[in-house]
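Residue numbers (the numbering used here): 8 to 261.
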Amino acid sequence: MSPAYDVEVLKLRRSRVVLVATLALALVPAAMARGFLAAAERGGNDPATLKAQAMLPGDGWTGYLGGLVQIYATAGVLGVGIVVGWCFGREYADRTVVSLYASATPRYAVTRAKLVLLTLWATGVGLAAVSFTGLLGLATGLGMPSDGERQTVARVLVLAVMSGLLALPVALAASIGRGYLAAVGALLVLVVLAQVATIVSAGGWWPWSVPAVWAMGDQAGMPAVPPARLLVVPAVALAASAVTVRWWRHAEVV
Numbered sequence: 008m009s010p011a012y013d014v015e016v017l018k019l020r021r022s023r024v025v026l027v028a029t030l031a032l033a034l035v036p037a038a039m040a041r042g043f044l045a046a047a048e049r050g051g052n053d054p055a056t057l058k059a060q061a062m063l064p065g066d067g068w069t070g071y072l073g074g075l076v077q078i079y080a081t082a083g084v085l086g087v088g089i090v091v092g093w094c095f096g097r098e099y100a101d102r103t104v105v106s107l108y109a110s111a112t113p114r115y116a117v118t119r120a121k122l123v124l125l126t127l128w129a130t131g132v133g134l135a136a137v138s139f140t141g142l143l144g145l146a147t148g149l150g151m152p153s154d155g156e157r158q159t160v161a162r163v164l165v166l167a168v169m170s171g172l173l174a175l176p177v178a179l180a181a182s183i184g185r186g187y188l189a190a191v192g193a194l195l196v197l198v199v200l201a202q203v204a205t206i207v208s209a210g211g212w213w214p215w216s217v218p219a220v221w222a223m224g225d226q227a228g229m230p231a232v233p234p235a236r237l238l239v240v241p242a243v244a245l246a247a248s249a250v251t252v253r254w255w256r257h258a259e260v261v
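Pasting the structure below:
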């Protein structure tokens, strides 16, 4: 492992931001989806129950996983995006960026290390979130999922991994904007545009909406998205990462 990876691994391991984001992404979406399902199954006319019933596509595992898709589609990009923005923005906020120019390790090598490790971390968190989802469903009496429901679990896993990839462009915003503020602004814009694209039935084409619309499958009102269109997600992530690395190779200290 190169010095760049050694240092970046240490930063991620010691960061409270990363710890909180890991726990939140791995545990909270599944807990929220199970809470919505419990509210829907309870029945009644209170606002929380009516909202849960309108949100979930069914009962049992179908409703549970359907709710999780809707929650993680936003939470995944937000959670990973915050960590990505912190990882790059902190170099300016903590004024450590000057040391990168003085280091023997090239800046582009540090940038690549950040992006690779963030991708691995986001993938690991997505796996943890899906694992906890299954355990929580079994522990709360949903029984074993059917074959069709297992296919939905696989879709949720793809969504979780791709949500992490779609947060990588935040690194470019944090770099060009030289801090956290630009990263947060870009992240909010991406999330809002994803919601708008889904509402106007263009979610099957906007990269930040494609995984969620595909994962929802044949839920009411959702257009069919062919699996091949998911390739737009790694393409966007690779393009944004390449531009970020190039920016750090040529950027000057301000």
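Backbone N, C-alpha and C define an ideal beta-carbon position, used for all residues, glycine too.
In this text the structure is predicted, and so the values were computed from the model without any measurement.
Chain-order list of residues whose beta-carbon lies under 6 Å from that of residue i (same chain, five-residue window excluded)
| i | result |
| --- | --- |
| Q60 | A47 |
| M169 | P218 and V240 |
| R162 | A222 |
| W213 | A204 |
DSSP state of residue i mapped onto helix, strand, coil
| i | result |
| --- | --- |
| D154 | helix |
| R102 | coil |
| W254 | helix |
| G42 | helix |
| R185 | coil |
| D66 | coil |
| W212 | coil |
| P36 | helix |
| V232 | coil |
| S22 | coil |
| S170 | helix |
| D53 | coil |
| S9 | coil |
| L197 | helix |
| V163 | helix |
Cβ-based neighbour list, residue i, same chain, cut-off 7 Å, excluding 5 preceding and 5 following
| i | result |
| --- | --- |
| Y71 | A40, R41, L44, G144 and L149 |
Cβ neighbours of residue i in the same chain (closer than 8 Å, five flanking residues each side left out)
| i | result |
| --- | --- |
| A28 | G86, V87, I89, V90 and V132 |
Residue i: first and last residue of the uninterrupted alpha helix (DSSP H) it sits in
| i | result |
| --- | --- |
| P218 | V217 to M223 |
| G144 | R114 to A146 |
(request) May I ask you to verify whether the region 247-255 touches the region 174-185, counting CB pairs closer than 8 Å and requiring at least 3? (result) Counting Cβ pairs under 8 Å, three or more are found: they touch.
(message) For the structure I just gave you, are there three or more beta carbon pairs, one from the region 113-129 and one from the region 194-201, closer than 8 Å?
(response) No, the region 113-129 does not touch the region 194-201.
(request) Decide if the region 182-191 is in contact with the region 96-106; the criterion is three or more beta carbon pairs, one per stretch, under 8 Å apart. (result) Between the region 182-191 and the region 96-106 there are three or more C-beta pairs closer than 8 Å, enough to call the two in contact.
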